[in-house]
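J.:
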Amino acid sequence: MRRAERHGIVRPRTLSTRIFRIGLFVILGLFVIYYLMPLIVMISTSLKSLEEIRTGSLISLPDAVTFEPWQKAWASACVGVRCVGLSPYMWNSVAMVVPAVILSTFLGSINGYALTKWRFPGANAVFVLMLFGAFIPFQVVLLPMARTLGVLGLAGTVTGLVLVHTVYGLAFTTLFFRNFFISVPNGIVQAARIDGAGFFGIYFRILLPMAPPAFVVTIIWQFTQIWNDFLFGVAFTASFSNPVTVALNNLVASSTGVKEYNVDMAAAIIAGLPTLLVYIIAGNYFLRGLSAGALKG
Amino acid sequence: MAKLRIEKLWKRFGRTEVLKGIGLELEDGEFVVLVGPSGCGKSTLLNLIAGLETVSEGRIFIGDRLVNEVAPKDRNIAMVFQSYALYPTKTVRENITFGMASRGVPRDEQKRAVSEVSNLLHIEAFLDRKPAELSGGQRQRVAMGRALVRDPDVFLFDEPLSNLDAKLRIEMRTEIKKLHQRLGKTVVYVTHDQVEAMTLASRIAVMDNGHIRQFDTPEMVYENPTDLFVAGFMGSPPMNILTGRVIQDDGLKIVVSDDEGTIHFPVPARQCAAVEAYLGREVKLGLRPETISRAGVSEPSPDLFTFERAIDLVEPTGPDTMLVFTLGGPAAVARVRPEDRAPMGATYRFEVDMPRAKIFDAATGKRL
């Protein structure tokens, strides 16, 4: 690049800095390959036949592309004794993640709003306690939560899992929204109060339209956490209500004779696909919002 | 339109007392400016009037109605904030109508109010823009428009011009004054800028540390400050306050001395009776910069007292030139005509208009 075309802070252009930059990009390139390798291997393996896997090498690309392993992983692979593929468990996960993300995000935003804009005595103490919830390890809540679900009659159900994830996620969502709303000037809320809007009036009509960035961040975080969770899923659901993460584990574990690596790989990709999708959709919206200046106060 | 009455108002945040027994009575249509340094409680007082804070003790009346327990929206007030506090996701039009929409005002009435207000404030051109697309001055206008459509009993302004640049501030100051004269509404206006206070107010309440030190017309506050605080706060550059001793030497004199010598300021005849009691004791002598000029410029008069000092610093401001010199310790400032300036270091003959001097009790700060 010619000097005149560069923008920003001036950097010295000596031979040593040039060599340093080349070295830097070589190292970065190696990192990229290192990180991409597992994904490439997974995809190529999932498109090979078992025969080809047995004869070929791990990193070689498939000679004859076949989608059969994907079909099998989706619809007919054995998860434990049930040979129906991952699809019913995918729907379990969707039925879990959608209400859990909506509930925890919505409640967290209300919490953050109340903690910053309707200060009450002890608001800081409440916030510290909620923050503390973000540092409680999963394992600690397993037993009390199992008991609670039992008492509520929700043990072994997807609904119970939704409750667990909503409660556990509140600490994080409250933290995100509290930190966002604290940057909103109090004058806006005071003006709205003088204008006659109440607690929810101000929330829905003034603050909610200002908060898409906070919502996007929170939704990505919560979706990823809840979708990828294994421990709560395995602890609080019975086989038919397992989320896809647990089902994937069972699918890989229940081999009859030959280990079908291609099906395992396809199943793993299927199970991870929704989080990828959320990143692409929400992340894209996030960037669009920023560049449109729509979020500027 | 309404009177505003505040009786023995206290506000405490935990153990901190922010307001300590404020009493104020505003006539209908009056423009009262609350002025004071940061932390004096002026914004808290405004928030209490608005209902954005709860009263600890005392009573607030708007009109004849006790409003201590009335929600902000039901007090029939409108407020303009320092940060403008516009709703960022709403257009200018929606910002202005938000309050009316909340109160369920019919749409055609909202429309009429918007066109009336936007006409008055010259904001028709950007009714459909968002606040982020407006300049500071335009945002300020929108904030005022939002307050105006309310047609309130009392307008509250919380340092509305502090975020504007110097030129716009003066323009908007004039517009606010015009607007008040046109609408004749009761206004409470908070500022830390004493020039704003002087230019806008029909009466000024000078606040310090939770108390109102003086509540009077701008002229009285400036010419007859009740104590050292008010005298020192109002005026720019501030009043020169000298420490001196009262002696009897061919009439009452106040002796001010420093490294450059001793000056015997004669006590003006009108104030002799009050100062006599302080014979042999310390007092504070307040001389406004504009009462000190070059000797010989004014008509000779027995009221004028002349003294000499070396000039430490010359600060031209355009219409006037400030001469900084040493007088009884701290730097003193004289405001002279530009043509009366002299180079730094030169010895200069100053002349003081003594009847305009203010004399204060050194211990209590009260005016004598």
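Here the protein sequences come in this chain order: B and E. Take the first sequence: its letter number 166 is residue 344 in our numbering, and every next letter is one higher. Take the second sequence: its letter number 8 is residue 47 in our numbering, and every next letter is one higher. Don't be surprised by glycine CBs; every beta carbon is placed ideally from N, CA and C.
1. Give me, in chain order, the residues of the same chain whose beta-carbon lies closer than 7 Å to that of Ile459 of chain B; leave out the 5 immediate sequence neighbours on both sides.
2. Any idea what DSSP makes of Ile61 of chain E, helix, strand or coil?
3. Measuring from the CB of Val436 of chain B, is there a heavy atom of the ligand GDP at a distance below 7 Å?
4. Kindly identify the DSSP beta-bridge partner or partners of Arg388 of chain E.
5. So, at 6 Å on beta carbons, what are the nonlocal neighbours of Arg185 of chain E in its own chain, with the 5 sequence-adjacent residues on each side left out?
6. Select from B:Ala445, B:Phe350, B:Leu327 the residue whose C-alpha is nearest the C-alpha of Leu339 of chain B.
7. Compile a chain-ordered list of the residues in the segment 295-316 of chain B whose CB is closer than 7 Å to at least one CB of chain E.
8. Hey, is Pro363 of chain B's beta-carbon within less than 8 Å of any beta-carbon in chain E?
9. Can you check which of these residues, B:Ile205, B:Gly234, B:Trp248, is closest to Leu225 of chain B by C-alpha distance?
10. Kindly confirm or deny that the segment 345-359 of chain B and the segment 423-443 of chain B touch, where touching means at least three C-beta pairs closer than 8 Å.
11. Nearest to Leu267 of chain E by alpha carbon, out of E:Leu366, E:Leu326, E:Ala240?
12. Quick check on the burial criterion: 16 or more other C-beta atoms within 10 angstroms. Buried or exposed for Pro170 of chain E?
13. Using a 10 Å radius around the Cβ and a threshold of 16 neighbouring Cβ atoms, would you call Trp405 of chain B buried or exposed?
14. Using a beta-carbon distance cut-off of less than 8 Å, what residues from the segment 365-395 of chain B approach chain E?
15. Would you mind telling me which residues of chain B sit closer than 8 Å to Ala89 of chain E, beta carbon to beta carbon, in chain order?
16. Figure out for me which residue from E:Pro277, E:Arg212, E:Leu362, E:Glu262 has the closest Cα to the Cα of Arg376 of chain E.
17. Does any residue of chain B have a CB that is nearer than 8 Å to the CB of Thr128 of chain E?
18. With distances taken Cα to Cα, identify the nearest neighbour of Asn86 of chain E among E:Arg104, E:Gln121, E:Phe70.
19. Mapping the DSSP letters down to three states, classify Thr93 of chain E as helix, strand or coil.
20. Am I right that Phe393 of chain B and Thr283 of chain B are in contact with their C-beta atoms under 8 Å? What's the rounded C-beta distance?
21. Identify whether Phe137 of chain E lies in helix, strand or coil by the three-state DSSP scheme.
22. Against chain B, which members of the segment 119-143 of chain E pass a CB distance test of less than 7 Å?
23. Can you tell me whether Thr213 of chain E is buried or exposed, with buried defined as 16 or more other CB within 10 angstroms of its CB?
24. Can Pro390 of chain B and Asn270 of chain B be called in contact, C-beta distance under 8 Å?
25. Taking buried to mean at least 16 other C-beta atoms within 10 Å of its own C-beta, is Pro26 of chain E buried or exposed?
26. Would you give the residue range spanned by the beta strand (DSSP E) that Ile293 of chain E belongs to?
27. Since Ile116 of chain E and Leu195 of chain E should fall inside the 8 Å C-beta cutoff, what is the C-beta to C-beta distance between them, to a whole number of angstroms?
28. In the structure shown, what three-state DSSP assignment does Asp255 of chain E receive?
29. Cβ of Ala117 of chain E less than 8 Å from any chain B Cβ?
30. Determine the burial state of Tyr213 of chain B: buried for a count of at least 16 other Cβ atoms within 10 Å of its Cβ, exposed for fewer.
31. By how many angstroms is the C-alpha of Ile331 of chain E removed from the C-alpha of Asp379 of chain E?
32. Excluding five sequence neighbours on each side, which residues of the same chain lie with their C-beta closer than 6 Å to the C-beta of Ala370 of chain B?
33. Indicate whether the contact test is met: 3 or more Cβ pairs, each with one atom in the segment 284-298 of chain E and one in the segment 350-359 of chain E, closer than 8 Å.
34. Please work out which residues of its chain come closer than 6 Å, Cβ to Cβ, to Phe364 of chain E, disregarding the five sequence neighbours upstream and downstream, and give them in chain order.
35. What residues of chain B sit near Pro145 of chain E, judged by a beta carbon separation below 7 Å?
36. Do you know how far the Cα of His250 of chain E is from the Cα of Phe377 of chain B?
T.: To lay it out plainly:
1. Start at 1 with the first residue of the first sequence, and residue 459 of chain B comes out as number 281. Same-chain partners within the cutoff: there are none.
2. As a position in the second sequence, residue 61 of chain E is number 22, starting the count at 1. The answer is strand: DSSP assigns Ile61 of chain E an E or B state.
3. The ligand GDP is not part of the structure shown, which contains no ligands of any sort.
4. Here residue 388 of chain E refers to the residue found at position 349 of the second sequence. Arg388 of chain E pairs with E:Glu347.
5. One-based indexing of the second sequence puts residue 185 of chain E at position 146. In the same chain as Arg185 of chain E, and ignoring 5 residues on each side of it, the C-beta atoms closer than 6 Å to its own belong to Asn134, Ile135, in chain order.
6. As a first step, residue 339 of chain B must be located in the first sequence, where it is residue number 161. Shortest Cα-Cα distance from Leu339 of chain B to any of B:Ala445, B:Phe350, B:Leu327 involves B:Leu327.
7. Within the segment 295-316 of chain B, no residue has its Cβ closer than 7 Å to any Cβ of chain E.
8. Counted from its first residue, the first sequence places residue 363 of chain B at position 185. Chain E has a Cβ within less than 8 Å of the Cβ of Pro363 of chain B.
9. Position 47 of the first sequence, counting from 1, holds the residue named residue 225 of chain B. Leu225 of chain B has its Cα closest to that of B:Trp248, out of B:Ile205, B:Gly234, B:Trp248.
10. Contact annotation: the segment 345-359 of chain B does not touch the segment 423-443 of chain B, with fewer than three C-beta pairs closer than 8 Å.
11. Position 228 of the second sequence holds residue 267 of chain E. Closest option to Leu267 of chain E, Cα to Cα, is E:Leu326.
12. Within the second sequence, the letter at position 131 stands for residue 170 of chain E. So Pro170 of chain E counts as buried.
13. Position 227 of the first sequence, counted from the start, is the residue given in the question as residue 405 of chain B. Trp405 of chain B is buried by the Cβ-count criterion.
14. Cβ contacts with chain E: Gly365, Ile366, Gln368, Ala369, Ala370, Arg371, Ile372, Asp373, Gly374, Ala375, Gly379, Arg383, Ile384, Pro387, Met388.
15. Position 50 of the second sequence, counted from the start, is the residue given in the question as residue 89 of chain E. Those are Gln368, Ile372, listed as they occur along chain B.
16. Taking the second sequence and counting its residues from 1, one reaches residue 376 of chain E at position 337. It is E:Leu362.
17. For this step, residue 128 of chain E is matched to residue 89 along the second sequence. For Thr128 of chain E, the answer is yes, since a Cβ of chain B falls inside 8 Å of its Cβ.
18. Locating residue 86 of chain E in the second sequence gives position 47, where the first residue counts as 1. When only C-alpha atoms are compared, the closest one is E:Gln121.
19. Working through the second sequence from its first residue, we reach residue 93 of chain E at position 54. In the structure shown, Thr93 of chain E sits in coil (DSSP, three-state: anything other than H, G, I, E or B).
20. As a first step, residue 393 of chain B must be located in the first sequence, where it is residue number 215. As a first step, residue 283 of chain B must be located in the first sequence, where it is residue number 105. Contact holds; Cβ gap of about 7 Å.
21. Stepping through the second sequence from its first residue, residue 137 of chain E is reached at position 98. DSSP places Phe137 of chain E in helix when its eight states are reduced to three.
22. Those would be Phe120, Ser122, Ala124, Tyr126, Pro127, Thr128, Phe137, Gly138, Ser141, Arg142, in chain order.
23. The residue labelled residue 213 of chain E in the question sits at position 174 within the second sequence. Counting Cβ neighbours within 10 Å, Thr213 of chain E comes out exposed, since fewer than 16 surround it.
24. Taking the first residue of the first sequence as 1, we reach residue 390 of chain B at position 212. Taking the first residue of the first sequence as 1, we reach residue 270 of chain B at position 92. A distance of 8 Å or more separates the beta carbons of Pro390 of chain B and Asn270 of chain B.
25. The question about residue 26 of chain E has no answer here: the residues shown for chain E are numbered 40 through 407.
26. Along the second sequence, one-based indexing puts residue 293 of chain E at 254. In the DSSP annotation of this structure, the continuous segment of the beta strand (DSSP E) that includes Ile293 of chain E starts and ends at 291-297.
27. Numbered from 1 along the second sequence, position 77 holds the residue referred to as residue 116 of chain E. Numbered from 1 along the second sequence, position 156 holds the residue referred to as residue 195 of chain E. Indeed they touch by this definition, with Cβ atoms about 6 Å apart.
28. Within the second sequence, numbered from 1, the residue matching residue 255 of chain E stands at position 216. Assignment of Asp255 of chain E by DSSP, reduced to helix, strand and coil, places it in the strand class.
29. As a working mapping, residue 117 of chain E is identified with position 78 in the second sequence. Taking Cβ atoms only, chain B reaches closer than 8 Å to Ala117 of chain E, which makes this a yes.
30. Counted from its first residue, the first sequence places residue 213 of chain B at position 35. Result: exposed.
31. To locate residue 379 of chain E, count along the second sequence from 1; it is residue 340. To locate residue 331 of chain E, count along the second sequence from 1; it is residue 292. Their Cα atoms are separated by approximately 12 Å.
32. Looking up residue 370 of chain B in the first sequence gives position 192. Result list for Ala370 of chain B: Ile380, Ile384, in chain order.
33. Counting C-beta pairs with one atom in each stretch, the segment 284-298 of chain E and the segment 350-359 of chain E have fewer than three that are closer than 8 Å, which means they do not touch.
34. If you number the second sequence from 1, residue 364 of chain E lands on position 325. Once the five neighbours on either side are set aside, the close Cβ partners of Phe364 of chain E are Arg348, Ile350, Asp351, Ala371.
35. Indexing the second sequence from 1 puts residue 145 of chain E at position 106. Against Pro145 of chain E, chain B offers no close residue; the least beta-carbon distance is about 15 Å (beta-carbon pairs closer than 7 Å).
36. Taking the first residue of the first sequence as position 1, residue 377 of chain B is located at position 199. Taking the first residue of the second sequence as position 1, residue 250 of chain E is located at position 211. Distance between the alpha carbons of Phe377 of chain B and His250 of chain E: 34 Å.
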